[in-house]
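Notes follow once the structure below has been shown.
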Amino acid sequence: RGTSEQSEGWHPASTVKLYAAIGALRRIRSLGFDREATLTYRGTGEPQSFALAERIEAAVGPSDNLAYDYLVTFAGFDRLHRELFTAENGILHTALRIPYDKRRWERLGFSEWLRDSPAITVEQDGRTTELAAEVGHAQVDCSQGSCTTPADLGETMRRVMLHEILPEGERLGLHAEDMEFLRGILASVRERGMEVVEGLRPSFSGDTGFFHKAGYAGEWFSDNVYIDDPALDRTWVVVLAGNPGRACLDQAAKLVGELLAAGHLDP
318 RGTSEQSEGW HPASTVKLYA AIGALRRIRS LGFDREATLT YRGTGEPQSF ALAERIEAAV
378 GPSDNLAYDY LVTFAGFDRL HRELFTAENG ILHTALRIPY DKRRWERLGF SEWLRDSPAI
438 TVEQDGRTTE LAAEVGHAQV DCSQGSCTTP ADLGETMRRV MLHEILPEGE RLGLHAEDME
498 FLRGILASVR ERGMEVVEGL RPSFSGDTGF FHKAGYAGEW FSDNVYIDDP ALDRTWVVVL
558 AGNPGRACLD QAAKLVGELL AAGHLDP
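Using my numbering, you'd call the opening residue of the sequence shown number 318 and step up by one each time.
Structural data, given as structure tokens:
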């Protein structure tokens, strides 16, 4: 009934951190470096330095909010909204506007808007590149801190997990090693946000792989899950969002898992 393409009126929370990770991995390769490069951010406060891989793991795994802000501003507002969030990439209604953990981000000396990227130094193996501060100009249709749709989330997960067998035009421009790195984080067990996976799990074999990125904010709990059961002849992407509270999807996940495993939702 249209809710899979609804971008306003719900809170995608940390599910959008998958986009930030993809955008940052695309950017670092375009600069001739890889994810082990060290980034130094230079705002009005003390410079902040770390390996890009470390921030990706923090954002997609334990879901650190500042790590997400670092990834978005490194990827760049215009590069995200004009080059990644496109019809060709299957991401039609997504925008990232305001930092998560905004007060801490501003106290570090950075902007209140993700449109603004600070000057960044990229270093690896004795090579250095200086990126000037920039302001993005892409126009976005979003009045929230971040906007996306369940359809955009699911399509992105599909392209990440099925990269090798997709036509070239459906791939997200990620290096093979970065794809495996990202999948490893998506498969990790986390202290929070496992409710949907645990609801789905009993319907599948013990060898099933679950790759996911959950999010919780404003009483909205969401998850974007890829299910790969080697005992079955197909895989699935399941995107669920509901409220209120982290337990709101427990019964839905259980029932969806039962329906999928029994073949009731096969085309």
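Heads up, the beta-carbon is just placed ideally off N, CA and C, and yes, glycines get one too.
Next item on the list: Tell me, to the nearest whole angstrom, how far the beta carbon of Ala531 is from that of Gly510; I am working on the premise that it is less than 8 Å.
Entry: Taking the first residue of the sequence shown as position 1, residue 531 is located at position 214. Taking the first residue of the sequence shown as position 1, residue 510 is located at position 193. Confirmed, about 3 Å.
Next item on the list: Excluding the 5 residues preceding and the 5 following Gly270 in the sequence, name in chain order all residues of the same chain whose CB lies nearer than 6 Å to its CB.
Entry: Residue 270 cannot be examined here, being either before or after the span of the chain that is shown, 318 to 584.
Check: Counting Cβ pairs closer than 8 Å, one from the region 528-545 and one from the region 439-457, do we hit at least three?
Finding: no
Next item on the list: For the alpha helix (DSSP H) holding Phe367, just list the boundary residues, first then last.
Entry: Taking the first residue of the sequence shown as position 1, residue 367 is located at position 50. No alpha helix (DSSP H) contains Phe367, which is instead part of the beta strand (DSSP E) from 365-368.
Check: How should Asp550 be labelled, buried or exposed, when 16 other C-beta atoms within 10 angstroms of its C-beta is the threshold for buried?
Finding: Here residue 550 is taken as the residue at index 233 of the sequence shown, counted from 1. It is exposed - the Cβ of Asp550 has fewer than 16 other Cβ atoms within 10 Å.
Next item on the list: Pick out the complete beta strand (DSSP E) segments inside the region 514-555, 3 residues or longer, and give them in chain order.
Entry: 526-534, 537-545
Notebook entry, point to check: So Tyr358 packs on Ile408, CB below 8 Å; how close in whole Å?
Noted result: For the purposes of this step, residue 358 is taken as the residue at position 41 of the sequence shown. For the purposes of this step, residue 408 is taken as the residue at position 91 of the sequence shown. Rounded, the Cβ-Cβ distance is 26 Å, inconsistent with contact.
Margin query: Less than 8 Å between C-beta atoms, sequence neighbours within five positions excluded: which residues of the same chain meet that for Ser505?
Written below: Indexing the sequence shown from 1 puts residue 505 at position 188. Closer than 8 Å at Cβ, skipping near neighbours: Gly378.
Next item on the list: Can you grab the Cα-Cα spacing for the pair Met496 / Asn560, in whole Å?
Entry: Residue mapping note: residue 496 aligns to position 179 of the sequence shown, counting from 1. Residue mapping note: residue 560 aligns to position 243 of the sequence shown, counting from 1. Taking the straight line joining both Cα atoms gives about 32 Å.
Next item on the list: Using three-state DSSP, classify Glu374 as helix, strand or coil.
Entry: Sequence index remark: in the sequence shown, residue 374 carries index 57 (1-based). Three-state DSSP puts Glu374 in a helix.
Check: Across which residues does DSSP place Leu470 in a beta bridge pair?
Finding: The count along the sequence shown starts at 1 and reaches residue 470 at position 153. DSSP, once it has assigned bridges, lists no residue as partnering Leu470.
Notebook entry, point to check: Based on Cα-Cα distance, which residue from Thr320, Ser324, Arg318, Gly319 lies nearest to Thr458?
Noted result: As a working mapping, residue 458 is identified with position 141 in the sequence shown. Thr is not the amino acid found at residue 458; the sequence shown has Asp there. It is Ser324.
Note to self: For Leu479 and Glu447, I'd like the C-alpha separation in whole angstroms.
What the structure shows: By 1-based counting over the sequence shown, the position of residue 479 is 162. By 1-based counting over the sequence shown, the position of residue 447 is 130. When rounded, the distance between both Cα atoms is 34 Å.
Item checked: Sequence-distant residues of the same chain with beta carbon closer than 6 Å to Ala548, five excluded per side -> On the sequence shown, residue 548 is found 231 positions in, with the first residue counted as 1. Contacts found: Ser522.
Check: Out of Leu335, Leu425, Thr390, which has the shortest C-alpha to C-alpha gap to Ala449?
Finding: Within the sequence shown, residue 449 is the residue found at index 132, counting from 1. Of the listed residues, the one whose Cα sits closest to Ala449 is Thr390.
Notebook entry, point to check: Using a Cβ-Cβ cut-off of 7 Å (strictly less than) and excluding sequence neighbours within five positions of Cys565, which residues of its own chain qualify?
Noted result: Counting from one through the sequence shown, the residue named residue 565 turns up at place 248. Closer than 7 Å at the Cβ level, and outside the excluded window around Cys565, lie Phe538, Gly559.
Next item on the list: Could I get the ranges of all uninterrupted alpha helix (DSSP H) runs contained in the region 365-435, with 4 residues as the minimum, in chain order?
Entry: 369-377, 382-392, 419-424
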